[in-house]
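Asker:
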Amino acid sequence: MAVGVFELFSVGIGPSSSHTVGPMRAGAVFARELRERGLLDSVGSLRVDLYGSLAATGRGHGTFTAVLLGLEGFEPEEILPEQVEERLASIAETGRLNLAAGRGLEYGVEDMVLHPLTVLPRHTNGMKFSVYGHAEPEGDTSDGAGPLLHEATFFSVGGGFIVREGEEAAAQQELDESKKELPLPFRTAAELLGRCASKGLSISDIMLINEKASRTEEEIRAGLLHIWRVMEACVESSLKREGLLPGGLKVRRRAPDWHERLLKEDKDRDPKYWQEWVNLIALAVNEENASGGRVVTAPTNGAAGIIPAVLYYALNYAPGMDSATQADKDDVVVRFLLAAGAVGVLYKDQASISGAEVGCQGEVGSASSMAAAGLAEDMGGTPGQV
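Start counting the sequence shown at 43; every next residue gets the next number (our numbering).
1) Taking just the CA atoms, how far does Gly347 sit from Gln403?
2) Mind checking Pro57: buried by the 16 CB within 10 Å criterion, or exposed?
3) Quick check: is the beta carbon of Thr258 nearer than 8 Å to any beta carbon in chain B?
4) To which residues of the same chain is Ala297 closer than 7 Å at the C-beta, ignoring the five residues directly before and after it?
5) How big is the Cα-Cα spacing for Leu191 and Arg303?
6) With burial defined as no fewer than 16 other Cβ atoms inside 10 Å of the residue's Cβ, what is the status of Ala332: buried or exposed?
7) Would Leu156 and Leu147 be called neighbours here (beta carbons separated by less than 8 Å)?
8) Kindly indicate the opening and closing residues of the beta strand (DSSP E) around Ala194.
9) Between Leu92 and Thr107, is the Cβ-Cβ spacing less than 8 Å?
10) Within 10 Å of its beta-carbon, does Asp310 have 16 or more other beta-carbons around it, so buried, or fewer, so exposed?
11) DSSP state of Tyr389, grouped into three classes?
12) Evaluate contact between the region 160-167 and the region 349-356, counting only Cβ atoms and requiring at least three cross-stretch pairs below 8 Å.
13) CA-CA distance, Met43 and Glu253?
14) Nearest to Pro313 by CA position, among Leu305, Asn343, Thr339, Asn358, is which residue?
15) Quick check: what's the CA-CA separation for Gly265 versus Gly175?
16) Assign Val261 to one of two classes, buried (16 or more other C-beta atoms within 10 Å of its C-beta) or exposed (fewer than that).
17) Contact check, Ile248 vs Arg237 under 8 Å by CB: the rounded distance?
18) Going along the chain, which unbroken runs of the alpha helix (DSSP H) with 4 or more residues stay wholly within the region 82-159?
19) Classify Met421 as helix, strand or coil using the three-state DSSP reduction.
20) Jot down the residue ranges of each uninterrupted alpha helix (DSSP H) in the region 306-343, minimum 4 residues, whole runs only, in chain order.
21) In chain order, what residues of the same chain have a beta carbon less than 7 Å from the beta carbon of Arg129, not counting five sequence neighbours either side?
22) Any idea what DSSP makes of Tyr430, helix, strand or coil?
23) Give the single residue among Leu250, Val338, Pro65 whose Cα lies nearest to the Cα of Val9.
24) Would you kindly work out how many angstroms separate the C-alpha atoms of Arg101 and Ala415, rounded to a whole number?
25) Can you tell me the Cα-Cα spacing of Arg79 and Phe171, whole angstroms?
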């Protein structure tokens with residue numbers, strides 16, 4: 043499937059799209075396969091191997107717990123923060139995992155096999171899931187497990203995207219074929235600008251036409267507005283949560299106090315305070331992400347605060363917004379995210395949005411240019427300016 047705006051902007055939990063969202067998604071895929079193949083009742087034991095960066099930094103990134111939740115059948119787009127806390131507390135207390143929501147199994151974080159110095163050929167973020175049947179004395183494997191029932195290796199390649207080992211070529215072929223089905227496909231900025239020039243359309247128009255190949259315009263609009271509502275809810279949740287962020291550094295949350303101060307200093311929402319509000323929004327999202335809260339990959343969790351912050355500016359401080367109707371504001375959100383998504387497609391196609399591949403600066407750089415594209419689009423910029 044061609045990468046589109048809803049693949050780039052997906053709902054998940056923090057703190058990392060590559061180390062939390064991707065592993066949970068992979069675990070959920072594996073769990074679903076066990077259920078669909080009718081293997082659950084035959085499972086006697088489970089093995090999870092984590093490689094490279096997932097093993098080396100997984101504890102701080104929530105990788106291990108994300109894998110457990112995925113194996114229970116939870117999807118990052120649907121799981122709620124309270125479900126995360128409830129299920130992880132239960133697993134820690136009982137030492138039992140509810141595999142694919144249908145098979146109780148003794149398993150916990152401490153049972154995962156870590157290979158921090160081993161990097162699989164495809165990507166540094168590798169993971170392997172294996173399930174074995176019930177052990178029989180005459181048929182035991184060397185580690186006491188029964189016969190292998192099913193196994194799969196996945197790579198978390200950034201932005202919550204996963205690729206299965208052995209299916210890379212097929213996935214790329216499917217991606218290439220799906221692009222041919224798009225009305226106005228593009229792989230480079232030059233091709234995108236060429237489409238705009240030949241059709242007399244804006245960048246957001248091009249993206250909208252391509253998205254309509256798989257959804258109705260009403261579904262696209264509703265989906266993008268939902269994404270913005272999740273971003274807003276992320277900020278609201280963060281501003282209510284005080285105390286320390288997770289981790290051993292004992293970093294205190296700054297967003298709630300900053301918000302209280304701004305409410306007192308800027309009672310009338312004076313435009314001169316715009317930068318303070320924009321920075322506050324970005325920080326609030328980042329703190330919610332760091333605490334494992336519900337966020338939108340934009341295009342990754344690590345850079346998730348930038349696009350909501352700039353979109354907040356577009357809705358509250360851009361020229362003409364002081365008299366905008368709700369319908370006008372909805373149009374701003376839709377245009378912004380479509381244009382930002384077009385730039386994100388270029389990164390995903392031609393470079394990378396994965397911090398493991400291009401560093402945290404690569405994540406932030408891609409998000410910043412996507413946000414700039416969205417703002418320029420909303421302010422009437424030409425395709426070249428965007």
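Using N, Cα and C, we set each Cβ at its ideal position, and we do this for glycine too.
Please read these numbers as outputs of a predicted model, since none were measured by experiment.
Answerer: Let me lay it out:
1) 14 Å
2) buried
3) Judged by its chain identifiers, the structure shown contains no chain B, having just a single protein chain.
4) Ser280, Leu281, Leu322, Leu325, Ala326, Glu329
5) 58 Å
6) buried
7) no
8) 190-200
9) no
10) exposed
11) helix
12) no
13) Residue confidence for Met43 is low, a pLDDT of 44 falling below 50, so the modelled location carries little weight; the figure read from the coordinates is stated next. Straight-line Cα distance between these residues: approximately 12 Å.
14) Asn358
15) 42 Å
16) Here residue 261 is Glu; the residue named in the question, Val, does not match the sequence. Its Cβ having fewer than 16 others within 10 Å, Glu261 is exposed.
17) 5 Å
18) 94-103, 105-113, 123-136
19) coil
20) 316-332
21) Leu111, Glu114
22) Because the chain here runs from 43 to 428, residue 430 falls outside it and cannot be looked at.
23) Residue 9 lies beyond the range of the chain shown here (43 to 428); nothing can be said about it.
24) 35 Å
25) 15 Å
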